[in-house]
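Visitor: First residue of the sequence shown: 12, per this note's numbering; consecutive thereafter. By construction, the Cβ of each residue, glycine as well, lies at the ideal position given by its N, Cα and C atoms. As the structure is a prediction and not an experimental result, all values here were calculated from the model. Before I ask anything, here is the structure I am working with.
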Amino acid sequence: MKSKSLLFALAGACALPFQASAQASEVQIYGTFLPLLDHIKTSGATAPGLSPATGGATQVAATAYTGDLGNVPGRNRLTSGTSNLGFRGSFRISGDLKVIWQIESAVSPDGDAPNSLTSRNSCLGLEGNWGRVFFGSWDTPYKAPLLFVGALRGLNPFDNALTANPGFNVPGTTTQGGRVNTAADAAFNRRQGNSVQYWTPDMNGFSARIAYSVNEGKSAATATAPSVSPDLWSASLSYRKGAFNVTYGFEEHNNYFGLAQLGGSAGATATNTGSKDVGHELVAAYAFSTGTKVSAIVERLTYDTDETVTGKVDHYQRDAWYLLVQQRWGMNQLFGSYGKAGAGSVTVLGGGPATTNGLGGTQWSVGYVRSLAKTVDLYASAYGMNNERSASYALFPPVGKVAPGASTTGFGLGILYTF
């Protein structure tokens, strides 16, 4: 009897640390699945022969105009949108101080692409009454408010791909750890790796975020190229009161050479030694008591390089806006969106002739959502991205590379499930 009592006592003593640890720890498994079956095509690509002298844009080479050869024939496809699977949790250290962590990965219900662990928002950090700080790969403060301007809890081809994007087949969203010398370098809709973020607590409706992505890709100088130190800063200031919220976002890319993807010279070279790309945005939304919600985005993107060759592009700037209206009643929702990106302005070193003729674009969508449960939606939409004669804005996910002047149209039916 004494032996049994001693055994139970020892077992209880051994379990105490585990119980205490379990009480201090929280772990959650979550996910989003939103496959969409759609029919999509591009048409209307600008015929060959256009040049700045005949109505084209300085930043678009004459060889880029393809005519019908650049149109993508209609096809059916199954896409996964921003489907994901994640694990997150916390461990309380003392008082209100705790460790926070998250591991999130993209998943492909359509089976098209393999996905790696931590391919989406993933981090490790600390949280207290002073706010939250973490290391990892995460949506920048500039991107974060854009995620709430959408009809669903995820990104589909009918969602905004016009802002945070200068066109030129720059991806509608990207996940990168730094400069990669591709079109993604010009994108402002970013999940940025190699970064540290700080979020303030809510202070009477106000909150802020700031992120810094380190210069891990710093290069050494060579006989033909200078040393460059690419880094990224992003920040936002938000205010929320009741049904109204507004956010100002700012982001700066140093030595990413985004203009090289928009008709400028490659960098870094002896004649193009540095660059600065800057984005400013204002995102606002108001939810009326009638079930109507109106969301809007206005934005300016600017790309500059330290170009030293006369006649080469050294500056490009363009403005854009986007509007989404949603009407809910019961388990139903109708939505419609429209946005416009201006052609912008361009300069070349030395002040020579330069034009942005035909670099504008518009995006539109209409759709219906039927909620089957709190976590299950059926949805249908028709949508399009219309490019002016020199522009190449693409939806996300794209149907392929968009030729100048080609417009993308599509319609589809999907299902969303979250847990």
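Helix, strand or coil, according to DSSP, for Ala194 in the structure here?
Guide: The residue labelled residue 194 in the question sits at position 183 within the sequence shown. Residue state, collapsed to three classes: helix.
Visitor: Could you give the first and the last residue of the continuous beta strand (DSSP E) run that contains Val207?
Guide: Residue numbering aside, residue 207 sits at position 196 when the sequence shown is read from its first letter. That run of the beta strand (DSSP E) goes 201-210.
Visitor: Just to confirm, is the Cβ distance from Leu166 to Thr258 under 8 Å?
Guide: Within the sequence shown, residue 166 is the residue found at index 155, counting from 1. Within the sequence shown, residue 258 is the residue found at index 247, counting from 1. No, the pair does not count as a contact, with Cβ atoms beyond the cut-off.
Visitor: Which of helix, strand or coil does DSSP assign to Lys412?
Guide: By 1-based counting over the sequence shown, the position of residue 412 is 401. Lys412: coil per DSSP, three-state reduction.
Visitor: Roughly how many angstroms separate the alpha carbons of Gly85 and Lys412, rounded to a whole number?
Guide: In the sequence shown, the residue the question calls residue 85 occupies position 74. In the sequence shown, the residue the question calls residue 412 occupies position 401. Those two C-alpha atoms are separated by around 14 Å.
Visitor: Count Cβ pairs between the region 323-336 and the region 295-313 that sit closer than 8 Å; are there 3 or more?
Guide: Yes: at least three Cβ pairs fall under 8 Å.
Visitor: Would you call the region 346-354 and the region 364-377 touching, i.e. three or more CB-CB distances under 8 Å?
Guide: Output reads yes: the region 364-377 touches the region 346-354.
Visitor: Going along the chain, which residues of its own chain have a beta-carbon closer than 6 Å to the beta-carbon of Gly204, five neighbours each way excluded?
Guide: Translated into the one-based positions of the sequence shown, residue 204 becomes position 193. Here the set comprises Ser148, Gly188.
Visitor: State the start and end residues of the unbroken beta strand (DSSP E) segment that holds Tyr41.
Guide: Locating residue 41 in the sequence shown gives position 30, counting from the first residue. It spans 36-44 - the beta strand (DSSP E) in which Tyr41 sits, taken as one unbroken run.
Visitor: So the beta strand (DSSP E) Val357 belongs to, where does it begin and stop?
Guide: By one-based count along the sequence shown, residue 357 stands at place 346. Per DSSP, Val357 belongs to the beta strand (DSSP E) from 356-359.
Visitor: Any idea which residues DSSP pairs Asp150 with across the strands?
Guide: Here residue 150 is taken as the residue at index 139 of the sequence shown, counted from 1. DSSP, once it has assigned bridges, lists Arg202 as partnering Asp150.
Visitor: According to DSSP, simplified to helix, strand and coil, what is Leu270?
Guide: Within the sequence shown, the letter at position 259 stands for residue 270. In this structure, Leu270 counts as helix in the three-state DSSP scheme.
Visitor: Between which residues of its own chain and Gln30 is the CB-CB distance below 6 Å, once the five residues before and five after are set aside?
Guide: Here residue 30 refers to the residue found at position 19 when the sequence shown is read from its first residue. Bear in mind that a pLDDT of 46 at Gln30, under 50, signals an unreliable position, so the model cannot answer this.
Visitor: Could you tell me the alpha carbon to alpha carbon distance between Glu263 and Asn343, rounded to whole angstroms?
Guide: Taking the sequence shown and counting its residues from 1, one reaches residue 263 at position 252. Taking the sequence shown and counting its residues from 1, one reaches residue 343 at position 332. Answer to the nearest angstrom: the Cα atoms are 40 Å apart.
Visitor: Closer than 6 Å by C-beta to Glu115: which residues in its own chain qualify, once you throw out the five before and the five after it? Chain order, please.
Guide: What you label residue 115 is simply residue 104 of the sequence shown in a count that begins at 1. Asn95, Gly97, Arg131, Asn132, Ser133, listed in sequence order.
Visitor: Kindly list the residues whose CB is nearer than 6 Å to the CB of Val239, restricted to its own chain and excluding five residues on each side of it in sequence; keep chain order.
Guide: As a first step, residue 239 is located in the sequence shown; it is residue number 228 there, counting from the start. Cβ neighbours of Val239 beyond the five flanking positions: Ser230, Asn266, Ala279.
Visitor: Since Gly136 sits in a beta bridge, which residues does DSSP pair it with?
Guide: Indexing the sequence shown from 1 puts residue 136 at position 125. BP columns for Gly136 point to Ile111, Phe145.
Visitor: Where does Asp79 fall in DSSP's three states?
Guide: Residue numbering aside, residue 79 sits at position 68 when the sequence shown is read from its first letter. Correct three-state label for Asp79: helix.
Visitor: Report all residues from its chain with a CB closer than 6 Å to the CB of Ser206; omit the five preceding and five following residues, and keep chain order.
Guide: Mapped onto the sequence shown, residue 206 falls at position 195. Cβ neighbours of Ser206 beyond the five flanking positions: Ala222, Ser224.
Visitor: Can you check the region 164-194 for any beta strand (DSSP E) of at least 3 residues that lies completely inside it and give the ranges in chain order?
Guide: List check, beta strand (DSSP E) in window: 185-187.
Visitor: Extract the residue ranges of the beta strand (DSSP E) inside the region 258-344, only unbroken runs of 3 or more that lie entirely within it.
Guide: For the region 258-344, whole beta strand (DSSP E) runs of length 3 or above, ordered along the chain, are 283-298, 303-318, 324-340.
Visitor: What is the rounded straight-line gap between the Cα of Tyr390 and the Cα of Val380?
Guide: Here residue 390 refers to the residue found at position 379 when the sequence shown is read from its first residue. Here residue 380 refers to the residue found at position 369 when the sequence shown is read from its first residue. Their Cα atoms are separated by approximately 4 Å.
Visitor: Which two residues bound the contiguous beta strand (DSSP E) that contains Ala222?
Guide: As a first step, residue 222 must be located in the sequence shown, where it is residue number 211. It spans 217-224 - the beta strand (DSSP E) in which Ala222 sits, taken as one unbroken run.
Visitor: Need the endpoints of the beta strand (DSSP E) that Asn398 sits in, please.
Guide: Here residue 398 refers to the residue found at position 387 of the sequence shown. That run of the beta strand (DSSP E) goes 387-398.
Visitor: My understanding is that Gly421 touches Pro168, with C-beta atoms under 8 Å, so please give their C-beta distance in whole angstroms.
Guide: The residue labelled residue 421 in the question sits at position 410 within the sequence shown. The residue labelled residue 168 in the question sits at position 157 within the sequence shown. Yes, Gly421 and Pro168 are in contact; Cβ-Cβ is about 6 Å, under 8 Å.
Visitor: Which residues in the same chain as Ser247 place their Cβ atom closer than 7 Å to its Cβ, once the five residues preceding and following it in sequence are excluded?
Guide: On the sequence shown, residue 247 is found 236 positions in, with the first residue counted as 1. Result list for Ser247: Pro152, Tyr153, Ala155, Pro156, Ala219, Arg220, Thr258, Tyr259, Gly260, in chain order.
Visitor: Taking the C-alpha atoms as reference points, what is the distance between Ala232 and Ala277?
Guide: Here residue 232 refers to the residue found at position 221 of the sequence shown. Here residue 277 refers to the residue found at position 266 of the sequence shown. So the two alpha carbons sit approximately 16 Å from each other.
Visitor: Name the residue from Ala236, Gly274, Ala234, Asn200 whose alpha carbon lies nearest to the alpha carbon of Ser245.
Guide: Translated into positions along the sequence shown, residue 245 becomes position 234. The option with the nearest alpha carbon to Ser245 is Asn200.
Visitor: I'd like to confirm the pairing. Which residues does DSSP put opposite Asp242 in its beta bridges?
Guide: Sequence index remark: in the sequence shown, residue 242 carries index 231 (1-based). Asp242 pairs with Asn265.
Visitor: Express the C-alpha separation of Phe145 and Ala296 in angstroms, rounding to a whole number.
Guide: Start at 1 with the first residue of the sequence shown, and residue 296 comes out as number 285. Start at 1 with the first residue of the sequence shown, and residue 145 comes out as number 134. Roughly 28 Å separates the two Cα atoms.
Visitor: Could you tell me which residues DSSP puts in a beta bridge with Phe98?
Guide: Here the question's residue 98 lines up with position 87 in the sequence shown. In the DSSP output, where bridge partners are listed per residue, Phe98 has Ile40, Ile114.
Visitor: Answer with buried or exposed for Asp107, where buried requires no fewer than 16 other C-beta atoms within 10 angstroms of its C-beta.
Guide: Position 96 of the sequence shown holds residue 107. So Asp107 ends up on the exposed side.
Visitor: In whole angstroms, what is the alpha-carbon distance linking Gly432 and Glu37?
Guide: Coverage of the chain is limited to positions 12 through 430, which leaves residue 432 absent and any answer about it impossible.
Visitor: Indicate the three-state DSSP secondary structure (helix, strand or coil) for Lys13 in the structure shown.
Guide: Your numbering for residue 13 matches position 2 in the sequence shown. In this prediction, Lys13 has a pLDDT of 44, which is less than 50 and means its spatial position is unreliable; what the coordinates show is noted afterwards. Residue state, collapsed to three classes: helix.
Visitor: Quick check on Leu370: does DSSP put it in helix, strand or coil?
Guide: Here residue 370 corresponds to residue number 359 of the sequence shown, with the count starting at 1. Three-state DSSP puts Leu370 in coil, outside helix and strand.
Visitor: Going by C-alpha to C-alpha distance, which of Asn397, Asn215, Pro212, Gly275 sits closest to Ser286?
Guide: Here residue 286 corresponds to residue number 275 of the sequence shown, with the count starting at 1. If we check each option's Cα against that of Ser286, Gly275 comes out closest.
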